[in-house]
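Everything below concerns the one structure shown next.
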Amino acid sequence: MALNLRLPQVETRDQRLGTITQWEGSATQLARDSAFTYGCAKGCDNGGRRLCEQSSPFAQASMCAEHIAVTNATIIQQSVVIQHAPIGCSASQSFTARYYRDLAARRGWKLEDPKSICSNLGEQDMVFGGVERLEQTIRDAFARHNPRVIFVATSCATGIIGDDVDGAAKRVEDEIGIPVVTLHCEGFKSKHWSSGWDVIEHGILRRLVPHTPTKQADLINVIHLGGPDVFTPLLAPLGLRVNLVMGGNTLEVLARCSEAVATVTMCFVLSYLATGLEQEFGVPEVKAPLPYGLDATDYWLRDIARLTGREDRVEAIIESERARIAPELAHLRKALAGKRGFVAAGAAFAHGLLADLRELGVVVDGAFSFHHDPATDSGDPQQDSLGHLVETWGDVPNYTVSPDQHFQAHAALQRAKPDFVICRHSGTMAVLAGRMGIPVLPIFYSNDGLGYEGLLTIGRAILGVLPRKRFYDDVAAHSAFPYQPSWLAETNPYALSAEPA
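This is how it looks when you write it as structure tokens:
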């Protein structure tokens with residue numbers, strides 16, 4: 001289904017891709033159902049996939065799309081983000097400030113806090129509308145910070161009262177002479193926070209990428225979630241320069257997106273931007289499986305070489321890299337043989353980490369994915385990362401999809417009884433596993449497990465956390481959970497759920 005960049009609002013992942021947030025079963029079953037072959041999928045004609053989703057009787061906590069959209073707009077340099085919302089919605093800026101300063105230190109930027117403003121909607125605004133307040137906030141942001149772009153993010157509150165955010169942004173944009181980009185990210189519109197990625201990428205494609213680019217035959221877009229540049233060492237031998245997109249950028253980097261010879265995506269939650277660049281700007285997307293594990297990395301490099309006309313160089317690079325890591329990889333496999341791991345991360349990143357662990361010889365029969373996309377925006381089956389995992393590495397018998405629900409994660413870990421947990425971020429799952437006495441490896445930047453070197457990075461990190469078991473045992477001895485004994489012993493994350501809808 002083609003993306004519609006004419007509209008200021010992007011269709012949610014739930015509507016566009018059939019994204020689900022609650023499911024329990026085996027990875028093989030979920031991959032099969034996602035291929036549109038079973039159950040509720042019959043008769044689905046909305047362009048996505050319709051899975052038989054579980055239903056939980058309650059939720060403890062989660063994030064929302066506004067958080068994701070606002071964070072990724074705020075870390076764009078020389079920007080100001082306005083949250084048209086009650087003040088509570090801007091609580092996430094404490095995290096964003098820390099994230100931006102970490103990126104600045106890694107990339108040599110000026111060390112400062114990002115710039116964001118909340119319109120601070122109150123009861124009066126909710127009754128009579130907040131458009132005038134928003135317009136004045138945009139003017140104040142421009143006068144105070146002199147940005148090159150202003151993002152205006154909506155909220156549940158503005159979605160409910162129906163403020164004409166686009167009209168207000170256009171009127172003030174004509175006054176101040178810089179782009180005022182609206183981000184429609186009302187949290188209640190989507191079940192999962194990952195829709196926030198689509199919102200910010202939709203805004204970038206519509207307003208910040210020029211339609212008359214000068215093509216550069218050696219420039220490749222790499223869309224990633226932030227973190228160190230692990231891509232240049234892989235792609236420079238092919239004669240390619242990396243244009244790192246998302247995860248903190250200058251406006252010049254974003255403008256160069258349409259000049260590239262190709263685009264690769266390091267997590268398929270970012271597929272909206274890559275698909276949009278191919279559809280609207282003619283920049284082809286590399287659709288090979290993500291480069292987790294040796295064979296997948298080989299395939300990924302070959303696909304890039306094919307798209308960019310560098311097939312004569314790629315085999316020598318693959319042979320050299322495999323030879324370089326072989327001695328240490330053999331050592332890691334021997335040291336980790338028989339260890340039991342558990343993965344908790346979002347969708348494609350979870351699939352990638354599972355591939356890395358099995359490449360390292362770790363036993364993994366349980367995983368906890370924060371959401372599941374039955375399809376990607378390109379619609380290409382090569383991007384079926386779960387199907388690729390199952391086909392290459394076999395089944396994961398206990399595969400749970402849950403939006404980071406603490407009570408469900410406890411049951412999943414009770415069932416898995418792993419020697420260690422590897423998880424995205426350092427939030428709910430990391431804290432929970434630690435309090436259960438399980439060594440934890442939190443990964444904030446998903447780049448760490450990519451490619452040949454990423455496989456070694458993950459292996460080294462696991463060997464680093466395993467000796468800390470006694471520390472985690474001490475933590476568990478002094479921890480308590482607010483659950484009944486029956487739930488403390490529960491091993492089914494969806495024991496409280498009704499039958500699938």
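One point on numbering: in UniProt numbering, the residue at position 27 of the sequence shown is 27, and numbering is uninterrupted. Beta carbons: idealized from backbone N, C-alpha and C, even for Gly.
With a threshold of 8 Å, are at least 3 pairs of Cβ atoms found where one atom belongs to the segment 145-164 and the other to the segment 74-84?
yes
Could you tell me which uninterrupted alpha helix (DSSP H) segments, each at least 4 residues in length, are contained entirely in the segment 360-414, listed from first to last along the chain?
385-393
Report the option in 157, 320, 444 whose CA atom is closest to the CA atom of residue 122.
157
Beta-carbon separation (whole angstroms), residue 5 vs residue 276, contact threshold 8 Å
7 Å
Using a 10 Å radius around the Cβ and a threshold of 16 neighbouring Cβ atoms, would you call residue 73 buried or exposed?
buried
So residue 31 packs on residue 387, CB below 8 Å; how close in whole Å?
4 Å
Between 361, 326, 351, which lies nearest to residue 338 when the distance is taken from Cα to Cα?
361
Take the Cβ of residue 327 as the centre, count every other Cβ of all protein chains shown within 10 Å, and call the residue buried at 16 or more, exposed below.
exposed
Ordered along the chain, which non-local residues of its own chain (more than five positions away) have a Cβ less than 8 Å from that of residue 336?
360, 361, 362, 459, 462, 463
If you measure between the beta carbons of residue 10 and residue 195, is that distance less than 9 Å?
yes
Give the secondary structure of residue 328 by DSSP, where H, G and I count as helix, E and B as strand, and everything else as coil.
helix
Heavy atom of the ligand SAM less than 8 Å from the Cβ of residue 24, yes or no?
Annotation note on the ligand SAM: not contained in the displayed structure, which lists no ligands.
Sorted by chain position, which residues of the same chain lie with C-beta nearer than 7 Å to residue 207's C-beta, five sequence neighbours on each side aside?
179, 181
Would you mind stating whether residue 420 and residue 466 have Cβ atoms separated by less than 9 Å?
yes
Could you give the uninterrupted runs of the alpha helix (DSSP H) lying entirely in the segment 152-231, keeping only those of 4 residues or more?
156-161, 165-176, 195-207
Buried versus exposed, by CB contacts within 10 Å (16 or more), residue 160
exposed
Backbone CA spacing between residue 356 and residue 259 [nearest angstrom]:
33 Å
Residue 243 (DSSP reduced to helix, strand or coil)
strand
Hey, quick one: how far does the beta strand (DSSP E) through residue 345 stretch, first residue to last?
341-345
Counting pairs of Cβ atoms below 8 Å between the segment 389-408 and the segment 303-317, do you hit three or more?
no
Measure how close the beta-carbons of residue 262 and residue 220 come, nearest whole angstrom, since I'm counting them as under 8 Å.
5 Å
Assuming contact is defined by CB atoms lying nearer than 9 Å, are residue 267 and residue 349 in contact in what I supplied?
yes
For residue 420, which residues does DSSP report across the bridge?
341
Hey, which unbroken runs of the beta strand (DSSP E) at 3 residues or more fall wholly within the segment 51-137?
79-83, 116-118
Among 113, 162, 98, 481, which one has its Cα closest to the Cα of residue 127?
162
Backbone CA spacing between residue 101 and residue 111 [nearest angstrom]
6 Å
Do residue 397 and residue 51 come within 9 Å of each other at the CB atom, strictly closer than that value?
no
Taking the alpha-carbon positions, what's the residue 192 to residue 372 distance?
10 Å
Among the candidates 449, 320, 481, 468, whose CA atom is the shortest distance from the CA of residue 432?
481
Pick helix, strand or coil for residue 24, following the three-state DSSP scheme.
strand
Residue 212 to residue 402 span [Cα, whole Å]:
43 Å
At which residues does the beta strand (DSSP E) containing residue 441 begin and terminate?
440-443
By DSSP, does residue 149 sit in helix, in strand, or in coil?
strand
Let me check understanding here. Comparing Cα to Cα, which of 153, 234, 214, 218 lies closest to residue 197?
153
Should residue 34 be labelled buried (16 or more other beta-carbon atoms within 10 Å of its own) or exposed?
buried
Where DSSP assigns a beta bridge to residue 264, which residues make up the other side?
222
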